[in-house]
Structure formats: structure tokens, C-alpha cells
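Report on one structure; see the data block that follows.
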Amino acid sequence: MQIKNITIVLIIMILGIGCDDQKEKQNFSVEKDHKSVKTILKILDDHTISTENKMEIWVDDLVHMAPNQPLITDKMALITHIDKEKEFGFADMKHEITEIHSYQEIVVMHGKVTGTFYPANTETSNTFSTKNLFVFRRMKDDSLKIWKVIFNMTS
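See the structure below:
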């Protein structure tokens, strides 16, 4: 019976050490992540920033999934996609965070976008809204970059 109790105590101690070790590894700040994500979203919303400069907030092995568009998995394809969209006009949009979760290596954000699209060849603008899911990768310097995004049109 005493051996059984010692075994249980040892298991609890080992699990406790493992939990303490996890706490030590958890060196990110939820508040800092929230601010970083908001900064990244402001860059996405700013239609005056060049496509090339916007690529600084994306990782190289990105995944971009837009409705009715082919899957995009690298920066050059995303640049081509964005520049092609610009030929048709521009969008004045605002990303919003609905929910955000921080982890050691990633940050997951559920959000939405509302905006107005201004076509290049007509005076009639179109309002739109989307729902989205972003996954940000934590870089070695603790900054965040967009790794994966999927969104759908809601209007």
C-alpha cells in the first residue's frame, strides 16, 4: 500500500514539474498579442500601403483562402492576386477582432470586416461584410505575422 502511495505522489510531482515547465515556456503576453494583431489589421485596412510593403506582415509559407478564388500559398501569388483586385477598384474596410486566443507558437483570431468597395470604372460603390479566421505565427523576435487566413462573404 505504501509503495502505491509513493508511486502516486511521484506521478503527481512529475506532472507538477511538467506544468511548471509549461508555465516557464509560456513567455507571450495576451495583451501584447492583441495589440500586435490590431496593428497588423490596420495595415491590411490601409489601401494606400503598397502591396509589397503589406507583404512584410505575412510569412513566406502563407495560406490565403478567399471565396471563389484559388488557394494561395506563397507571397508572389498573393501579390499577383492583390494587384489584380486593384485593377477593379479599391476597398475601404475595417477589420475587427471578435475573439482571440494566444498560444506559444501561434495566435488564432476570429473576426469580421465591414467596408465599401469603390469600382474603378463606375460611380456606384458596394458595401460588404465578411467573417474570417486568422492564424498568426509567432516569430523568433516574438512579433506576429499572418500565416493563414480564410474568409467568406456575408453580404
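Take 1380 as the starting number for the sequence shown in my numbering and just add one per residue. Ideal Cβ positions, reconstructed from N, Cα and C, are used throughout, including at glycine.
Bridge pairing for residue 1511: 1490, 1530 [DSSP]. Assignment of residue 1426 by DSSP, reduced to helix, strand and coil, places it in the coil class. Taking the CA atoms as reference points, residue 1532 sits about 25 Å from residue 1431. The bridge partners DSSP lists for residue 1474 are 1492. Distance from the CA atom of residue 1506 to the CA atom of residue 1494, rounded to whole angstroms, is 6 Å. The alpha carbon of residue 1427 has as its nearest neighbour, out of 1467, 1440, 1471, 1458, the alpha carbon of 1471. In the displayed model, residue 1459 falls within a helix according to three-state DSSP. In the three-state reduction of the DSSP assignment, residue 1524 falls in the strand class, which pools E and B. Here residue 1467 is exposed: its Cβ has fewer than 16 other Cβ atoms, across all protein chains shown, within 10 Å. Distance between residue 1440 and residue 1497, taken at the CA atoms: about 31 Å. Buried is the label assigned to residue 1433, since at least 16 other Cβ atoms lie within 10 Å of its Cβ. Contact between the stretch 1442-1458 and the stretch 1481-1490 is not established, with fewer than three Cβ pairs separated by less than 8 Å. DSSP, reduced to helix, strand and coil, places residue 1432 within a helical segment of the structure shown.
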